[in-house]
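Positions in the sequence shown are counted from 1; adding 3 to them yields the numbering used here. We treat Cβ as the ideally placed atom computed from N, Cα and C, and that holds for glycine. Keep in mind the model is a prediction, meaning the values are calculated, not measured. Notes for the one structure printed next.
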Amino acid sequence: MSRRIVLAAITALMFTPVHAETVTLRVLGQPSGSGLIAQKKEQPFFEKLAATTGLDIKIEYLPVDVAGIPDTDGLRVLKSGLFDIVSIRGPQVSRDEPAMLGLDLVGLNTSYAAGKKHIDAFAPFVDERLQGRFNAKLLGVWPAGPQVIFCKPEVKGLADLKGLKVRVGDQSAANFVGKLGATGISMPFGEVQQSLARGVVDCAITGPASANSGGWPEATTTVLPIALQLAVNGYAINTASLKKLTPEQQAKLTAAIGELTTEIWAFSEELYEDAMRCNTGKTPCERGVSYKLTEAAPSEADLKVVASAVGDVSLPIWAKQCNAVAPNCEASWRATVGSQLGL
4 MSRRIVLAAI TALMFTPVHA ETVTLRVLGQ PSGSGLIAQK KEQPFFEKLA
54 ATTGLDIKIE YLPVDVAGIP DTDGLRVLKS GLFDIVSIRG PQVSRDEPAM
104 LGLDLVGLNT SYAAGKKHID AFAPFVDERL QGRFNAKLLG VWPAGPQVIF
154 CKPEVKGLAD LKGLKVRVGD QSAANFVGKL GATGISMPFG EVQQSLARGV
204 VDCAITGPAS ANSGGWPEAT TTVLPIALQL AVNGYAINTA SLKKLTPEQQ
254 AKLTAAIGEL TTEIWAFSEE LYEDAMRCNT GKTPCERGVS YKLTEAAPSE
304 ADLKVVASAV GDVSLPIWAK QCNAVAPNCE ASWRATVGSQ LGL
């Protein structure tokens with residue numbers, strides 16, 4: 004082969020466009036039975052992500068329970084790189100990263116508006132922690148919805164929880180019910196309905212939509228609609244996985260997940276209102292199963308107990324736990340969220 008032909012071949016290779024390989028992103032989602040946010044928003048979003056964004060990616064979406072992975076291991080999964088994106092269940096992963104609880108202490112987010120303000124204020128600190136400890140970047144935070152109390156025995160207020168066993172979602176809620184004289188019990192969502200039916204627990208805390216999806220009203224008599232928390236969740240991506248994308252692709256992915264979280268905030272509020280009607284036999288009940296739970300009207304005294312829980316219970320206990328792993332944790336919280344509350 005002549006030198007001229009060889010040079011021509013090399014030149015052709017140099018200027019032939021090189022098509023990057025399609026990037027595969029494995030996504031670990033919310034539990035398959037956790038409710039309509041996962042079914043109607045999260046899973047369809049990821050399954051259609053390549054088409055809607057034009058990104059050259061392939062998404063492999065798997066609910067955490069289908070994957071056989073404990074939802075408490077979300078941050079460990081991210082760090083290991085086993086999955087590229089994880090739909091983090093905030094309360095469940097808080098034992099690995101206590102800063103997560105600072106987004107949603109009991110008594111802090113008693114409404115969606117309050118929650119949005121407080122979460123936006125503290126999310127940058129949580130992101131910093133995830134990047135430093137778990138090689139993961141926080142892409143968005145959203146609420147499953149106000150966490151209320153479902154009980155098998157009839158209850159009229161918080162005082163009636165004394166002596167009862169209550170399923171809780173995180174340590175902050177366990178500390179709160181403990182102050183009421185109840186025993187907080189941590190338990191996976193999928194086990195709660197049968198545990199209520201068998202008397203393993205007397206009451207359980209979750210959002211009305213999740214309770215409806217899980218059939219909790221079949222095993223309970225009463226719902227006490229006092230919002231203790233918003234059950235904050237979020238999306239995070241392994242930083243090495245993010246670097247597989249070009250800066251332009253990273254921006255597109257980040258923007259798309261930002262839009263998803265905004266949609267979920269609005270959808271969560273719609274679900275809460277509809278599910279409360281469904282659970283108590285009211286209409287319209289558009290997205291759930293109609294039940295006949297008794298709705299115990301929250302008293303002013305109970306609302307005050309929850310509002311004061313931040314300063315009296317949840318903040319002091321959480322701050323010690325968080326400061327033990329991040330010495331600037333409480334100071335960062337007080338400088339952001341605390342300054343809004345005067346704490």
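{"Query": "Same chain, Cβ closer than 7 Å to Thr-159, neighbours up to 5 away in sequence not counted", "Result": "Checking the sequence shown, residue 159 turns out to be Lys, not Thr. Answer for Lys-159: Ala-299, listed in chain order."}
{"Query": "Rounded straight-line distance, which links the Cα of Lys-255 to that of Lys-47", "Result": "In the sequence as displayed, the identity of residue 47 is Pro instead of Lys. Their backbone Cα atoms lie some 17 Å apart in a straight line."}
{"Query": "Thr-370 and Leu-296 closer than 8 Å at C-beta", "Result": "A question about residue 370 goes unanswered here, because the residues of the chain that appear run from 4 up to 346."}
{"Query": "Secondary structure of Ser-90, DSSP reduced to three states", "Result": "strand"}
{"Query": "Secondary structure of Ser-189, DSSP reduced to three states", "Result": "strand"}
{"Query": "Buried or exposed (CB count within 10 angstroms, at least 16 for buried), Leu-233", "Result": "buried"}
{"Query": "Ile-229 versus Val-151: straight-line alpha-carbon distance, rounded", "Result": "5 Å"}
{"Query": "Cα-Cα separation between Phe-18 and Lys-247, rounded to whole angstroms", "Result": "The pLDDT assigned to Phe-18 is 43, lower than 50, so where the model puts this residue is not dependable, and the model offers no usable value."}
{"Query": "Integer Cβ distance of Ala-212 from Ala-124, believed to fall under 8 Å", "Result": "Actually they do not touch by this definition, with Cβ atoms about 26 Å apart."}
{"Query": "Residue-chain proximity (Lys-182, chain D), Cβ-Cβ < 8 Å", "Result": "You won't find chain D in this structure, because it holds only one protein chain."}
{"Query": "Assumed close pair Tyr-64, Gly-32 - CB separation to whole angstroms, cut-off 8 Å", "Result": "6 Å"}
{"Query": "Buried versus exposed, by CB contacts within 10 Å (16 or more), Asn-178", "Result": "buried"}
{"Query": "Those residues which DSSP pairs with Lys-61 across a bridge", "Result": "Thr-27"}
{"Query": "Collapsed DSSP secondary structure at Met-17 in the structure displayed", "Result": "Per-residue confidence for Met-17 stands at a pLDDT of 42, beneath the threshold of 50, marking its modelled position as unreliable; the derived number appears in the next sentence. Three-state result, Met-17: helix."}
{"Query": "With 16 other Cβ atoms within 10 Å as the buried cut-off, status of Lys-165", "Result": "exposed"}
{"Query": "Start-end ranges of the alpha helix (DSSP H) lying completely within the segment 203-247, minimum 4 residues", "Result": "211-216 and 242-245"}
{"Query": "Where Ala-334 falls: helix, strand or coil (DSSP)", "Result": "helix"}
{"Query": "Extent of the continuous alpha helix (DSSP H) run through Arg-136", "Result": "115-137"}
{"Query": "Separation of Pro-330 from Gly-291, as counted between CA atoms", "Result": "45 Å"}
{"Query": "Three-state secondary structure assigned by DSSP to Pro-287", "Result": "coil"}
{"Query": "Anticipated Cβ contact below 8 Å, Glu-266 with Lys-44, distance rounded", "Result": "6 Å"}
{"Query": "Residue interval of the beta strand (DSSP E) (run including Arg-170)", "Result": "168-171"}
{"Query": "Rounded distance between the beta-carbons of Val-109 and Val-316, thought under 8 Å", "Result": "7 Å"}
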